[in-house]
Structure formats: C-alpha cells, structure tokens
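Notes follow the structure.
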Ligand SMILES: [Zn+2]
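Numbering (my numbering), first residue to last: 291 to 802.
Right under this line is the structure:
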C-alpha cells in the first residue's frame with residue numbers, strides 16, 4: 291500500500307507516520323515544505339524507515355506537488371491544516387490552507403483517475419458551542435461554527451467541497467480535541483487557553499489513538515463494509531468525556547495545583563467555543579478498535595518527564611498564577627483582553643454583553659461547575675433526550691427515504707426541495723434545494739440530511755456570521771442556537787480582509 295500524507299510534520303502526522311509504517315507492507319509518501327526544521331524531521335524518518343518513506347517537497351497550494359504526491363497511491367490522509375491558536379491569528383492563511391488546500395487536493399485526485407481513497411480530517415469545531423441543554427451531539431447535527439472561528443468555518447466549506455466533488459471513495463473524520471505531547475508548549479503562550487468555558491463538554495482523544503485509528507483504516511483487509519463515503523465523529527468515548535474545568539484541573543494537578551488556585555472564574559469565555567460529547571463516536575471504535583488510552587492515561591504518561599511540569603512543580607500555584615497566567619490575560623486572543631481593550635465584537639460573541647460578563651461570580655464557590663454536581667458521572671452515559679432533531683423520520687431505513695422525507699427535512703431548515711423526483715434511498719444524486727433567502731443550490735440528500743450542511747451561501751460563514759437571523763427562519767438551527775443565545779440578540783458579526791472584527795445590530799430582523 292502507498293499512503294500519501296499531507297501535514298505529516300504536524301502533531302498528528304508526526305505520530306501517525308511511524309504508526310502506519312509499523313505495518314511493513316506500507317510505504318508513506320509525505321508532502322513537506324522545504325525548510326530546515328522539516329529536513330531534520332525527514333532525516334529522522336529516513337534513518338528509521340529507509341525507502342519506505344518518500345518525500346515530495348512542495349506545498350498544499352501547489353497543484354504540481356500534489357499531483358506528484360498522490361500519483362499511484364492507495365490512500366491519502368489529508369491532515370494539513372492551520373489550527374488554533376495560529377488559526378486565530380492568521381485567518382487568510384487558515385482559509386488558504388484548510389479550504390483552498392483541500393480544493394486543490396480533491397481536484398488532483400479526480401484528475402489522477404479518482405481511484406485513491408481520501409481520509410479527510412475535519413473537526414468538532416464545525417458544530418460550534420453547546421451547553422448542557424444539548425451536551426450530546428452526533429453527525430447530522432447543524433453546523434454552526436463559532437463566531438470568528440476561521441478554523442471551524444474553513445472546515446465546513448472544505449467538507450462540503452469533498453461531499454459535492456464526485457470523489458469515488460472518501461471519509462470525513464470530525465476529530466475532537468486531541469491530547470498530544472507538545473500541546474502544553476503550543477498553548478501556554480496564547481490567550482486561547484481561556485476560550486474554553488469551564489462547563490464545556492469535551493470528549494478528548496489522544497494522539498496515539500488517532501494514529502492507531504489511521505493505521506487500522508489503511509491496513510484493513512478486506513475493507514470494512516459500509517465505512518467509506520461517510521462522516522464520523524472521532525472521540526475517545528466515555529473515559530475521555532470531561533468538562534473544560536476538569537481538563538484544566540487534570541493539567542494543574544500534576545504540578546500540585548488546581549484550576550481554582552490558578553484561574554479566576556471570569557477569565558474564561560461563557561460561550562462561542564466548540565465541543566460536546568459524542569453519542570455516535572462508538573461507530574468508528576466498532577469498526578477499528580483504536581481506543582487504548584483515557585485522559586488520565588495521557589496525563590500520567592507524560593507528566594513525569596515533561597520539562598514544563600518539572601518546572602511547574604517548583605513553583606507554588608499562586609506564583610504560577612502571577613507569573614504565567616496573569617501576563618497571558620493581556621494576549622490578543624484572551625477574553626480578558628477583549629474586555630479591557632473594548633473589543634465589542636469579541637465581548638458580545640463570548641459573553642453576550644458587558645452586563646453578563648460583570649455578573650460572572652468572583653469566587654469559585656459561587657460558580658456552578660457541572661463536573662462537581664451530584665449525578666455528574668451518570669451524565670456520561672448517552673441520554674437520547676438530549677439529541678437534536680434532524681427534521682425527518684430517522685427510524686425509517688435509509689433505502690426508503692424519499693422525496694417526502696426531503697420535503698420534511700427542507701421545511702425544518704426553513705426552505706424547500708425544488709426537485710420533483712427522487713429515487714427512494716438514493717442519497718448520492720444531487721437534488722435542488724432552496725433556502726428561506728431564496729438561494730438555490732444542488733446538494734445530495736446525504737449532504738443535507740446526514741451531514742448537517744444547508745445553504746452554502748448564507749449558512750457557511752466566512753466574512754459574516756449571521757446565525758441570530760438565520761435561527762429565526764431555520765428551526766434546525768433554532769433548536770440549539772437559543773441554548774446559548776437570546777432570541778433578542780440580532781447581531782451580525784463581520785470580519786474584513788485585514789482580519790478586523792466588528793459587530794452590528796441587524797435592524798431587519800426583529801422579533802414579531
Ligand atoms: Zn441561503
């Protein structure tokens with residue numbers, strides 16, 4: 291098997307390539323930019339795996355290097371992406387890499403005969419934020435990437451390009467938060483650290499288990515029936531389900547601290563992040579059995595020899611708070627900085643208003659932490675009462691879904707189906723749809739009913755986030771949007787070419 295990878299030098303790729311090459315019949319072809327740092331990585335790989343590692347120097351934005359990368363290969367694992375915190379600081383690069391890079395790659399595959407199987411890494415960020423009203427989520431749920439999150443928004447568009455491209459064989463993996471060894475070093479210097487609400491529901495997965503999943507997918511003989519041409523949520527399952535607060539606490543516990551000693555309650559966003567617990571992440575586990583580590587295993591595994599923790603253990607928590615955390619509050623990506631610098635757009639997105647921000651309790655004793663409630667452990671077993679509706683009869687076998695089901699689903703999305711025929715069960719052939727704003731678009735029933743996408747023009751943000759207005763017309767969105775947004779919030783959030791953010795009241799949309 292020849293397995294081509296983009297993003298091979300990133301946090302997942304670095305672990306995945308050696309893992310895949312444990313299988314002696316595999317050869318990896320890797321796309322690298324020609325930099326001194328990458329040359330070092332390549333030298334290491336070459337000395338370990340010899341000619342089973344081949345390098346293509348180039349860039350995801352260059353079709354010629356992509357053609358070289360994928361020619362004759364069996365699988366393509368597309369990991370290349372700009373992720374937060376970098377994605378928060380360079381939106382242009384994020385769109386260029388995450389969206390345009392995917393477009394180039396998909397076009398290359400089709401031009402090269404469309405026989406390679408594409409494994410695309412998407413993200414839980416496509417769904418946006420959830421609080422406890424709907425803390426369980428699954429594939430097919432609405433895609434509401436957080437306001438100003440270029441990473442999540444670029445993944446929505448990239449996914450859609452794949453779904454509508456006519457690729458023969460693909461799979462989209464919506465990866466949850468990944469625990470990887472250098473995550474501390476990569477995040478400790480950025481205000482992103484404070485963007486996770488303390489009551490966010492996160493189903494983590496470790497980088498080792500992600501790498502194992504990839505190895506299993508490309509090593510599976512015969513192919514798992516029914517796996518391909520689908521989207522999956524990828525998470526570590528019950529033992530990896532935590533809240534934001536618990537995650538911070540796990541990390542600080544290793545240096546003898548705790549989140550309460552090191553953070554203040556109002557340092558963190560209240561909303562507009564992402565993550566929830568997956569009610570459907572068992573599906574990939576059943577196919578490929580890749581779960582070997584829990585969150586606790588992760589922290590225990592690398593805590594002892596990590597220099598950050600060795601250093602941390604020498605300092606009392608109060609000093610970590612003063613020396614490490616407080617300076618971070620002034621970072622451009624930190625909620626406290628948005629408040630102190632009068633960044634109205636960010637403040638509203640993260641807190642709803644200054645009043646709401648000021649109402650956050652000063653003492654941890656007054657904060658209602660979900661993870662400290664009685665019955666919290668039971669919350670980790672999926673409860674279908676928290677599932678969102680997808681707007682059609684899901685108990686019906688897929689082979690029987692027909693035009694009536696499409697009409698029902700379209701109406702739940704505030705629009706309609708324009709096509710007047712559909713072969714029952716044909717989830718692939720595109721139909722014409724119309725959104726409430728009158729945009730007409732061609733999409734497969736899979737894209738709409740199963741993948742959670744809707745109008746590519748008004749529901750796929752890039753320069754403008756308009757979910758307050760959209761939710762007034764789209765019950766599919768409204769069922770979850772109002773968990774964390776007031777019905778009287780009529781904001782349009784905008785980002786210009788230079789990355790300047792703004793927010794304005796939408797006067798065209800007022801509550802009836
Ligand atoms: Zn539209």
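Ideal Cβ positions, reconstructed from N, Cα and C, are used throughout, including at glycine.
Using CA coordinates, which residue listed in the options is at the minimum distance from residue i?
i	options	result
residue 404	458, 366 and 442	458
residue 626	609, 517, 644 and 314	644
residue 757	709, 417 and 617	417
residue 537	562, 589, 561 and 522	589
residue 675	393, 362 and 424	424
residue 474	415, 465, 542 and 492	542
residue 755	464, 636 and 706	636
residue 564	706, 339 and 493	493
residue 529	683, 585, 501 and 552	585
residue 408	729, 345 and 518	518
residue 701	720, 547 and 763	763
residue 338	318, 351 and 356	318
residue 440	774, 462 and 377	377
residue 350	343, 312, 329 and 392	392
residue 771	620, 562, 666 and 628	562
residue 551	707, 610, 497 and 683	610
residue 638	792, 323 and 545	792
residue 629	648, 616 and 708	648
residue 373	794, 476 and 622	476
State buried or exposed for residue i, treating a residue as buried only when at least 16 other CB atoms are found within 10 Å of its CB.
i	result
residue 712	buried
residue 798	exposed
residue 651	exposed
residue 579	exposed
residue 802	Low per-residue confidence applies at residue 802: pLDDT is 47, beneath 50, and the placement is therefore not dependable, though the value from the model is reported in the following sentence. By the neighbour-count rule (16 or more Cβ atoms within 10 Å), residue 802 is not buried but exposed.
residue 381	buried
residue 326	exposed
residue 696	buried
residue 679	exposed
residue 600	exposed
residue 354	exposed
residue 299	buried
residue 740	buried
residue 803	Residue 803 is absent from the structure shown; the chain starts at 291 and stops at 802.
residue 427	buried
Find out if the Cβ-Cβ distance for the pair residue i, residue j is shorter than 8 Å.
i	j	result
residue 526	residue 581	yes
residue 608	residue 672	no
residue 447	residue 412	no
residue 291	residue 365	yes
residue 670	residue 531	yes
residue 717	residue 688	yes
residue 574	residue 535	no
residue 504	residue 310	yes
residue 406	residue 296	no
residue 438	residue 783	yes
residue 453	residue 719	no
residue 567	residue 641	no
residue 443	residue 788	no
residue 316	residue 293	yes
residue 734	residue 497	no
Helix, strand or coil for residue i, going by three-state DSSP, please let me know.
i	result
residue 303	helix
residue 462	strand
residue 552	helix
residue 772	coil
residue 506	helix
residue 368	strand
residue 858	What is shown of the chain runs 291 to 802, which leaves residue 858 out entirely.
residue 485	coil
residue 356	helix
residue 562	coil
residue 317	strand
residue 496	strand
residue 425	coil
residue 533	strand
residue 419	strand
residue 795	strand
residue 755	strand
residue 518	coil
residue 341	helix
residue 590	helix
residue 347	strand
residue 707	strand
residue 696	helix
residue 802	Confidence at residue 802 is low in this model, with a pLDDT of 47, below 50, so the placement of that residue should be treated as unreliable; the coordinate-derived value is given next. Here residue 802 sits in coil by DSSP.
- Query: Is it a yes or a no for the region 715-731 touching the region 742-756, going by three-plus beta-carbon pairs under 8 Å?
  - Reply: yes
- Query: With contact counted as at least three CB pairs below 8 Å, one residue from each stretch, are the region 429-436 and the region 486-493 in contact?
  - Reply: no
- Would you call the region 695-715 and the region 652-664 touching, i.e. three or more CB-CB distances under 8 Å? no
- Message: Quick test of the definition: if touching needs 3 or more C-beta pairs under 8 Å, does the region 348-365 touch the region 389-398?
- Response: yes
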